[in-house]
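Participant:
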Amino acid sequence: MLEHRFVVLTAPSGSGKTTIARRLLEAFPGLRFSVSATTRPPRDGEVDGRDYHFVSVEHFRKMIEAGDLLEWQEVYPGRFYGTPTSELAKDDRVLLLDIDVMGARNIKHLYGDDVLALYIAPPSLAVLEQRLRARGTETEETLAMRLARARVELGMADVFDRVIVNDVLDDAVAETLSLVRAYLNA
2 MLEHRFVVLT APSGSGKTTI ARRLLEAFPG LRFSVSATTR PPRDGEVDGR
52 DYHFVSVEHF RKMIEAGDLL EWQEVYPGRF YGTPTSELAK DDRVLLLDID
102 VMGARNIKHL YGDDVLALYI APPSLAVLEQ RLRARGTETE ETLAMRLARA
152 RVELGMADVF DRVIVNDVLD DAVAETLSLV RAYLNA
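The sequence shown maps to residues 2 to 187 in the working numbering.
#1: Go through the segment 15-100 residue by residue and report every complete run of the beta strand (DSSP E) that reaches 3 residues or more, in order.
#2: For a test of the three-state rule: what should DSSP assign to F6, helix, strand or coil?
#3: Using a Cβ-Cβ cutoff of less than 7 Å, which residues in the same chain neighbour A12 once the five nearest sequence positions on both sides are dropped?
#4: Out of V116, G113, S57, P85, point me to the one whose CA is closest to G68's CA.
#5: Per DSSP, which one or two residues make a beta bridge with A122?
#6: Is the beta carbon of Y82 less than 8 Å from the beta carbon of S37?
#7: Pick out whichever of A28, N167, D99, H5 has its Cα sitting closest to the Cα of D93.
#8: Measuring CA to CA, which of R41, L178, D159 is closest to M103?
#9: Taking the alpha helix (DSSP H) that A12 belongs to, which residues open and close that run?
Dropping the structure here:
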């Protein structure tokens, strides 16, 4: 297996990490997006193998048993997310992971200084709620679950290398680009 370095973006759902990840990929051709596996259904416009590997719970459990996941979490009841080990074998580019907070913490623990772990924080829970509502993908029940989880995840921000508050997207992107540029050139 190739040795790897990682840039990990993590955040409560709705904080903007996927938007920032896309900007990083545009700016740094030396990064390769690591496609996570998930048991959730695809959202409109998402493509299997590009956005996620969409799999059944049964298939995901088999991946766990076979040791085919670098990290994994049951983020919401019955909704699993994880990083397939096959993502490591593709090439030796720096991997960009857009993953949940617990998974990011696990990757940082496993790989230490080979990981730049960035926590993208919303300016407040109220703003996060507004963003989640604006996406139009949440029911009141799933919104309440996401906000409850966000409260817990916000308390974990200090275990990451840097916290970037995404109040103004262009400012958050600029700060992230600067940190990643320094990491890649180190």
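Where is the CB? At the ideal position from N, CA and C, for every residue including glycine.
Facilitator: Taking the geometry as given:
#1: 32-34, 70-77, 80-85, 95-99
#2: This sequence places Arg at residue 6; Phe is not what is there. Note: R6 maps to coil in three-state DSSP.
#3: K18, Y120, I121, A122
#4: P85
#5: V166
#6: yes
#7: H5
#8: D159
#9: No alpha helix (DSSP H) contains A12, which DSSP labels as neither H nor E.
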